[in-house]
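Read the structure below first, then the notes.
2 protein chains.
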Amino acid sequence: MEELDLKRQQIFGKHVKRLREEKGLSQDDIAARCRVTKGSLSVIENGNRNFSFTTLLALAKALEVEPKTLLDIDFELFSE
Amino acid sequence: MEELDLKRQQIFGKHVKRLREEKGLSQDDIAARCRVTKGSLSVIENGNRNFSFTTLLALAKALEVEPKTLLDIDFELFSE
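Residue numbers (the working numbering), protein chains in the order written: chain A, 407 to 486; chain B, 407 to 486.
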């Protein structure tokens, strides 16, 4: 796992956590709404999983946001 | 693999192909720009792979678009 990939997973994880908390939802609430378990969500929010496309869609649905909103953050993709 | 997941992978794949072709890039060009092989890109564009988060970022970089642009399509997520 490249260091940059890990950093971007962490950027994404913090963003998902922030969105979830802004909506007043717990990890249990998300787990109840989709097939992402509480344990998996915790690992994702800590930036320690290279999750799949369908997991991203499941999270977007559970958070009631469009998928692109989950990527509406600066991953510093073009500043390497 | 749920039928809806497959459909959304196909929606994504067509979108990536459209973006690539709009930029006049071949699958070989994309493969040369990032670690996604030509074979993998072809499978993704045909909607037959549940690819990872870091692959999505690699594709965005190779296509010179922000990651959220790759998800700026209607996945009919909330119309089930």
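Glycine is no exception: its CB is placed at the ideal position from the N, C-alpha and C atoms.
| query | Does the beta carbon of A466 (chain B) come closer than 9 Å to any beta carbon on chain A? | reply | For A466 (chain B), the answer is yes, since a Cβ of chain A falls inside 9 Å of its Cβ.
| query | Just how far apart, CA to CA, sit R426 (chain B) and Q415 (chain A)? | reply | Approximately 25 Å between the Cα atoms of the pair.
| If you draw a straight line from the alpha carbon of T461 (chain B) to that of A466 (chain A), how long is it in whole angstroms? | Looking at the two C-alpha atoms, the distance is approximately 18 Å.
| request: Tell me whether A438 (chain A) is buried or exposed, calling it buried when 16 or more other Cβ atoms sit within 10 Å of its Cβ. | output: Under this definition A438 (chain A) is an exposed residue.
| query | Does the pairing of the stretch 420–434 of chain B with the stretch 474–484 of chain A give three or more beta-carbon distances under 8 Å? | reply | With the cut-off at 8 Å, the stretch 420–434 of chain B and the stretch 474–484 of chain A do not touch.
| task | Would you tell me roughly how many angstroms separate the C-alpha atoms of V442 (chain A) and N454 (chain B), rounded to the nearest one? | result | If you take the alpha carbons of V442 (chain A) and N454 (chain B), they lie about 21 Å apart.
| query | Rounded C-beta distance between K423 (chain B) and E451 (chain B)? I'm assuming under 8 Å. | reply | Their Cβ separation, rounded to whole angstroms, is 4 Å, which keeps K423 (chain B) and E451 (chain B) in contact under 8 Å.
| Contacting positions in the stretch 422–446 of chain A - beta carbon closer than 7 Å to chain B | Hits within the stretch: zero.
| task | Measure the CB-CB distance between F484 (chain A) and E470 (chain B) and report whether it falls below 9 Å. | result | Yes, they are a contact pair.
| task | Count the other C-beta atoms from every protein chain shown that fall within 10 angstroms of the C-beta of E409 (chain B), then say buried if there are 16 or more, exposed otherwise. | result | By the 16-neighbour rule on beta-carbons within 10 angstroms, E409 (chain B) is exposed.
| If you measure from the beta carbon of Q416 (chain B) to each beta carbon in chain A, is any gap under 9 Å? | So no, Q416 (chain B) is outside the interface.
| request: Say whether chain B places a C-beta atom closer than 9 Å to the C-beta of K420 (chain A). | output: So, not an interface residue.
| task | Output yes or no for whether 9 Å exceeds the beta carbon distance between S446 (chain B) and F457 (chain B). | result | A contact, by the Cβ cut-off of 9 Å.
| request: Would you list the one or two residues that DSSP bridges to S458 (chain B)? | output: A:S458, per the DSSP bridge assignment.
| field | Start and end residues, alpha helix (DSSP H) containing D411 (chain B) | value | Unbroken alpha helix (DSSP H) run through D411 (chain B): 409–428.
| Among B:F418, B:E472, B:A468, B:P473, which residue has its Cα nearest to the Cα of G430 (chain B)? | The candidate whose alpha carbon is nearest that of G430 (chain B) is B:A468.
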